[in-house]
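What follows is a short report on a single structure.
Residue numbers (the numbering used here): 5 to 459.
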């Protein structure tokens, strides 16, 4: 196991296009980091640069403190799990898992058998060892690919969208299995996905990329509650954050849903600006008739026409259209294209209690929690009201909780080593110092990446 240090990495192609543009990121020993972003953001390219499948144009990559820019993939001691499993169809599960050990040619047969059996036990593959890949489900094939990564006793695991070929139910099952495995082994892990659920549930920290540029690195909770900019706020969350046009009127923001009073600190932050965007998550709205009396003073009410509603059993969504200036419409359209989304329209999506009697076609009184709003500059994307100290505290709390979970998952065992060196496939590990969140302001953008990742 080892720390991975990414120092100003750039991947520039012969035509001048930069797929990865000046990315810096430190991944602690034993940390689980997610690389996430829309299609073409450079996340898979960055992963392939780490493993050695893509050349580095400039910058430095260090693994366990050693520069590896010029090293071949096999010399970096990393294990990669691909989207398409990359299993040999003519080999049994046992032989597929053992394959990287047989390539080394110096690992004793008894040691190979022991490592395969331990990995199979960890991944619940013991009864499938003599089957061929064609006889396995998609989830079982992915576990075989993970087993092959485990037996190598690599310094880090790299996952390239490993669950994208599975159906929704299997993805949920495999997410929990990957999480348990990583906590038990304590192996440094870098995981690429475009799926928000995977990003928010698996990672210690999440790195959000946009057009090859790192936007923010933080715990999932900090990304959700204290996004650094408009792009992160719009990308994280489903349904996404609502963005309402607003103008400063003294100590208030004038929005399509009425005035929003600002604290003195927030009023100072937005002073002197003309057009702004107010960001409010769907769950921060409520049917006014159902708001608890203790919460009511922390928000304000407004009247809105309900376009239509969606009842989901435990909750329902209501859609509230609003008018916006052409500049706001253009900015939301541009942001939707960057996010691979068609949801950022001139309407607010609100999540209300399932018992609410609000129905489409009505004009209803809604309540919004004013403690949870963010204000963005639509031109630069900057979050003008972000509380960086509160966000950093969220990430520190998550890091402390995660370290405790890793210790519990390891059963109190210390990291073990096998006869051939390296951490054993079932050995626990302790995290390095708690990582800090990183706010990377959006530099000059580069155009959308055209090349897809190779799996």
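Beta carbons are placed, not taken as given, at the ideal position from N, Cα and C, and that holds for glycine.
Please report the residue range of the beta strand (DSSP E) in which residue i lies.
i, result
"residue 320", "319-325"
"residue 376", "Premise fails: residue 376 is in no beta strand (DSSP E) and is neither H nor E."
"residue 61", "Note, residue 61: premise wrong, no beta strand (DSSP E); not H, not E."
"residue 86", "Where residue 86 is concerned, there is no enclosing beta strand (DSSP E), given that its DSSP letter is neither H nor E."
"residue 122", "No beta strand (DSSP E) holds residue 122; the alpha helix (DSSP H) holding it covers 113-126."
"residue 257", "256-259"
"residue 29", "22-31"
"residue 355", "351-357"
"residue 262", "262-265"
"residue 362", "Segment: none, residue 362 is in no beta strand (DSSP E) and carries neither H nor E."
"residue 16", "8-16"
"residue 160", "160-164"
"residue 195", "192-197"
"residue 39", "36-40"
Assuming the contact rule is C-beta atoms closer than 8 Å, residue i and residue j should be a hit. Round their C-beta distance to whole Å, please.
i, j, result
"residue 322", "residue 362", "6 Å"
"residue 80", "residue 46", "Contact flag wrong, Cβ pair sits at about 20 Å."
"residue 124", "residue 151", "6 Å"
"residue 34", "residue 190", "5 Å"
"residue 226", "residue 399", "5 Å"
"residue 54", "residue 218", "14 Å between Cβ atoms; not a contact."
"residue 97", "residue 133", "5 Å"
"residue 389", "residue 270", "5 Å"
"residue 351", "residue 318", "Actually they are not in contact, since the Cβ atoms of residue 351 and residue 318 sit about 23 Å apart, beyond 8 Å."
"residue 82", "residue 160", "5 Å"
"residue 368", "residue 308", "6 Å"
"residue 303", "residue 372", "5 Å"
"residue 25", "residue 216", "4 Å"
"residue 385", "residue 234", "4 Å"
"residue 324", "residue 282", "About 14 Å separates the two Cβ atoms, so there is no contact after all."
"residue 326", "residue 370", "Incorrect: roughly 12 Å between the Cβ atoms, too far for contact."
With respect to the alpha helix (DSSP H) encompassing residue i, which residues constitute its N-terminal and C-terminal limits?
i, result
"residue 174", "172-189"
"residue 340", "330-342"
"residue 303", "Unbroken run through residue 303 is the beta strand (DSSP E), 303-309; no alpha helix (DSSP H)."
"residue 169", "Premise fails: residue 169 is in no alpha helix (DSSP H) and is neither H nor E."
"residue 201", "200-206"
"residue 108", "97-108"
"residue 271", "268-274"
"residue 227", "224-229"
Using alpha carbons as the reference points, say which of the options lies closest to residue i.
i, options, result
"residue 375", "252, 351, 68, 230", "230"
"residue 408", "208, 326, 299, 308", "208"
"residue 274", "255, 310, 145", "255"
"residue 300", "288, 311, 310", "288"
"residue 387", "326, 370, 371, 228", "228"
"residue 157", "325, 105, 368", "105"
"residue 129", "100, 112, 107, 9", "100"
"residue 127", "177, 92, 172, 114", "177"
"residue 333", "109, 246, 52", "246"
"residue 10", "32, 23, 66", "66"
"residue 406", "224, 298, 314, 349", "224"
"residue 186", "170, 343, 147", "147"
"residue 171", "149, 252, 154, 144", "144"
"residue 78", "107, 28, 383, 411", "107"
"residue 330", "349, 343, 342", "349"
"residue 391", "109, 232, 18", "232"
State the beta-bridge partners of residue i as determined by DSSP.
i, result
"residue 291", "370"
"residue 385", "According to DSSP, residue 385 bridges with nothing at all."
"residue 214", "217"
"residue 243", "The partner list for residue 243 (beta bridge, DSSP) is empty, contrary to what the question assumes."
"residue 280", "250"
"residue 72", "Residue 72 pairs with nothing; no bridge assigned."
"residue 154", "Partner(s): none; residue 154 has no beta bridge."
"residue 313", "322"
"residue 65", "10"
"residue 233", "386"
"residue 209", "37"
Quick check: is any heavy atom of the ligand HEM less than 8 Å from the C-beta of residue i?
i, result
"residue 402", "Here there are no bound small molecules, and the ligand HEM is not part of this structure."
* Taking 8 Å as the threshold, find out whether the segment 237-245 comes into contact with the segment 257-265 through three or more Cβ pairs. => no
inquiry  = Between the segment 36-46 and the segment 188-207, can you find at least three pairs of beta-carbon atoms closer than 8 Å?
reply    = Counting Cβ pairs under 8 Å, three or more are found: they touch.
For the 8 Å Cβ check, are there 3 or more pairs between the segment 85-99 and the segment 163-170? yes
I want to know whether the segment 207-214 touches the segment 167-182 - three or more CB-CB distances under 8 Å.
no
**Prompt:** Do the segment 365-380 and the segment 332-345 make contact, defined as three or more Cβ pairs closer than 8 Å?
**Reply:** no
| request: Please determine if the segment 280-297 and the segment 353-362 are in contact, where contact requires at least 3 C-beta pairs separated by less than 8 Å. | output: yes
At least 3 beta-carbon pairs within less than 8 Å: the segment 7-16 vs the segment 60-79: yes
TODO: Pair every Cβ in the segment 192-200 with every Cβ in the segment 108-128, then say whether three or more of these pairs are closer than 8 Å.
DONE: no
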